[in-house]
Amino acid sequence: MIKKINVKQLKPGMFVHDFNCGWLNHPFLTDSILVDNERIIEKVLKHGIQELYIDTDKGADVANAPTEEEVRREIQTEITRVVEQEKTNIHPVPIQEELIRAGEIKKEAKRNIQSLMEDVRLGKQIQVEKTEHVVDEMIDSIFRNQDALVSLARIREKDEYTYMHSVSVGVLMIAFGRHLGCDVPLLRELGVGGMLHDIGKMIVSQVILTKEEKLTEKELELMKKHVEYSRILLEQTHGITETAVILAAQHHERVDGTGYPLGLKGDEIAYYSRAVAIADVYDAMTSQRCYQNRYQPTDALRKLYEWSNYHFDRDLMQQFIRCVGIYPVGTLVRLGSGLVGVIIKHGETSLLHPVIRIVYDSRKEKHIRVPYDLDLSLPAGKGGEDRIVSYESPDKWGLRPEMYL
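My numbering puts the first residue of the sequence shown at 12, with every later residue one more than the last.
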């Protein structure tokens, strides 16, 4: 049985099933290990791990510790409570119409960040004017229909991660800032800061950036230097605001003090830096990377919410979930009836009852020849079998959700 325990309960003889953190955030070669000596526990404590999961079938048990399933249900209940009263935004432009313009903006943003990163590699000065223009285009798109650009920014090839992660964090920060009530000038600062938050990675060795195996302790320390490189580069760039510099300088800080480079805690971290920390990890988790398979968006939100007990600002985490939705547009879900579909827009009255484009029948094991839309906010869609029972991996069904938006 898989159970969750506090790190202080970890003892020799236990089998760690999951360190409950990213692969780069613990010192072991695998995510599971038998704790057969105190040195292992010392390493776990040194790396700031707060809670982890043990396998009681392979090692010692902890009485009264919650099971993994109990934790999952509790978090899901809390997240549902967070969004159940949230009203959805009314978009001036339908998503199908905005997707065309958003696609062009995405291409322009990718070209811009590729050019900037290449300039940094060659030792050239960053020219921020073109980035500001792209960010203005992003802001306009977000105001027309947020879901179009946010969903498109998640779609990328594995070898595009470095570029598209920067674009996606910029998009998420604009959407998140809008949700938090920021005015357009501040949204521009957040967008620019989001797009350039990792610019310092261009000074880190490409061998380290693209390594598929676990980084050594020395390599990890070199990787962490990208934060300081980003701060220095942006401070030297004409036209970059202090807000953008601070976003880059603090995006790996954590509210419990376990982040880097300064180990800042709580309000020592700037408000929007606490926000970009969430956006950064959310996009990283939902991306296919050279050393990590992607999380489905809803899985990532649940894990981030769990970590907001210590690593992230809980209030901002709740606002982020309200911003992107418990079922982000583009998520593949299965209904109680066995129908499988893609979330194409949030419901008119609730984030819990989206509009789904039905594309597959899992009981009959066949594609829907003519996909159709099902609005779960309507009375007929709220009961019986027409309700979401799970979110699905597109790979499992051989589907590409973006093709149905």
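Glycine included, every Cβ here is placed at the ideal spot set by N, Cα and C.
Beta-bridge partners of residue i, as assigned by DSSP
i, result
"V9", "It is not possible to answer for residue 9, since the shown part of the chain is limited to 12 through 416."
"L350", "D372"
"S404", "The partner list for S404 (beta bridge, DSSP) is empty, contrary to what the question assumes."
"H378", "Y371"
"T78", "K14"
"K399", "The identity of residue 399 in the sequence shown is Ile, whereas the question assumes Lys. The partner list for I399 (beta bridge, DSSP) reads L346."
"L385", "I367"
"R84", "Answer by DSSP bridge pairing: none, since R84 is not bridged."
"R132", "For R132, which the question treats as bridged, DSSP gives no partner whatsoever."
"D267", "K276"
"K356", "V366"
Contact set for residue i: own chain, Cβ-Cβ below 7 angstroms, skip 5 residues either direction
i, result
"S284", "I257, L258, Q261, H262, E264"
"E317", "I86"
"V195", "I150"
"P272", "K235, V238, E239"
"G277", "V266"
"C32", "I60"
"P23", "V46, D47, N48, E49"
"I379", "I369, V370, Y371, D372"
"A76", "K14, K15, I16"
"A281", "I257, Q261"
Spatial neighbours of residue i in its chain, beta-carbon cut-off 6 angstroms, leaving aside the 5 residues before and after
i, result
"G395", "Any reading at G395 must be qualified, since the residue scores a pLDDT of 48, below 50, and its modelled position is unreliable; no value is offered."
"S298", "Y172, R305"
"M128", "M213"
"S401", "R345"
"L312", "I332"
"S241", "I210, G211, A259"
Beta-carbon spacing of residue i, residue j below 8 angstroms
i, j, result
"F154", "A290", "no"
"E403", "V344", "yes"
"N156", "H102", "yes"
"V203", "A286", "no"
"V93", "I332", "yes"
"L183", "V215", "no"
"I355", "D384", "yes"
"P365", "L346", "no"
"M25", "A71", "yes"
"Y174", "Q125", "yes"
"E5", "A159", "Here the chain comprises residues numbered 12 to 416, so residue 5 is not present and cannot be evaluated."
"V104", "I65", "no"
"T269", "H322", "yes"
"L363", "T41", "no"
"T67", "K14", "yes"
"I426", "E62", "Examination of residue 426 is not possible in this model, given that the chain is present from 12 through 416 alone."
"Q425", "L191", "This structure does not reach residue 425, given that the chain is present from 12 up to 416, and the question cannot be answered."
"I106", "L416", "yes"
"L275", "V292", "no"
"I52", "I44", "no"
"L233", "I219", "yes"
"H176", "A288", "no"
Cβ distance (whole Å) where residue i is taken to contact residue j below 8 angstroms
i, j, result
"L244", "V139", "Between V139 and L244 the Cβ distance is about 11 angstroms, and since that is not below 8 angstroms, they are no contact."
"V18", "V55", "6 angstroms"
"L163", "G205", "16 angstroms between Cβ atoms; not a contact."
"G352", "I367", "4 angstroms"
"I137", "T227", "In fact, because the Cβ distance is near 30 angstroms, the residues do not count as touching under 8 angstroms."
"Y116", "S152", "Going by the sequence as given, residue 116 is Ile instead of Tyr. About 6 angstroms; that satisfies the 8 angstroms criterion."
Chain-order list of residues whose beta-carbon lies under 8 angstroms from that of residue i (same chain, five-residue window excluded)
i, result
"R199", "E143, V146, D147, I150"
Check: residue i C-beta below 7 angstroms from any heavy atom of the ligand ATP
i, result
"D158", "Judged by which ligands are present, the structure shown has none, so any question about the ligand ATP falls away."
Quiz item: Counting Cβ pairs, one atom from each stretch, are 3 or more of them under 8 angstroms apart for the region 329 to 343 and the region 74 to 82?
Solution: no
Quiz item: Would the region 112 to 132 and the region 141 to 154 be scored as touching if the rule is three or more Cβ pairs under 8 angstroms?
Solution: yes
Self-check item: the region 221 to 229 touching the region 322 to 329, judged by at least three CB pairs closer than 8 angstroms
Solution: no
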